[in-house]
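For reference, the structure discussed in these notes is given below.
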Amino acid sequence: MEAALKHFFSSPRFAVAGASSDPTKYGHKVFAWYLDHSLPVTAINPRAPTISVLSQTHETVPSPSKLPGDASSYSLSVITPPTVTKQLLKEAKEAGISAVFLQPGSFDTEILEAARKDFKAVIAGEGGRGHEGWCVLVDGEEGLRTAGREWSRL
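The opening residue of the sequence shown carries number 1 in full-length UniProt numbering; numbering runs sequentially from there.
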């Protein structure tokens, strides 16, 4: 998993599928984590043109194929239900994204197996420091260190 973490967090840009304005949702918390760590992040939400996170409005894109610039320069965090994740990962693969972080609850066994075949780096499933498996909120800072991106809270 260390190689996957290094590949994922070495990316110059990040995207969060399932980003939300609702502070009780993990899509909101994960998007805020990237902002809090001063990482360039784009929200993916097909139902809202903008989201509000950390008292700021952020534009969204509807799918991985609509990410600004070269989609292959992004790593993708996924916080969507498995039925949505399956199609989302097809789009991400077609767009050229090579690394995905599937948050707990966003995948089933079939989706995880397919992702491991389709992407160069997949972070998901059992492991990590949390009790539900790999999660950027729990394991992200370790991923940043693994990729040589030191971060400290001021």
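All C-beta atoms in this analysis are idealised placements derived from N, C-alpha and C, irrespective of residue type, glycine included.
>> On a Cα-Cα basis, can you pick out the residue from I44, H28 and E141 that is closest to L89?
In response: If we check each option's Cα against that of L89, I44 comes out closest.
> L112 by DSSP, collapsed to three states: which one?
Replying inline: Helix, per DSSP.
>> I'd like the span of the beta strand (DSSP E) that includes T80, first residue to last.
In response: Note, T80: premise wrong, no beta strand (DSSP E); not H, not E.
> Under the rule that 16 or more other beta-carbon atoms within 10 Å means buried, what is D22, buried or exposed?
Replying inline: Classification for D22: exposed.
> Are S98 and A121 close, meaning C-beta to C-beta below 8 Å?
Replying inline: yes
> Can you name the residues that DSSP bridges to E91?
Replying inline: DSSP lists no partner for E91.
> By a C-beta neighbour count over all protein chains shown, 10 Å radius and 16 as the cutoff for buried, is L154 buried or exposed?
Replying inline: Note that L154 scores a pLDDT of 48, beneath 50, so its modelled location is shaky and nothing firm can be said.
> What distance in whole Å lies between the Cβ atoms of L39 and F14, which are believed to be in contact at a cut-off of 8 Å?
Replying inline: 6 Å
> Between T50 and H37, which are expected to be in contact by the criterion C-beta below 8 Å, what is the C-beta distance as a whole number of angstroms?
Replying inline: So it is not a contact: roughly 21 Å between Cβ atoms.
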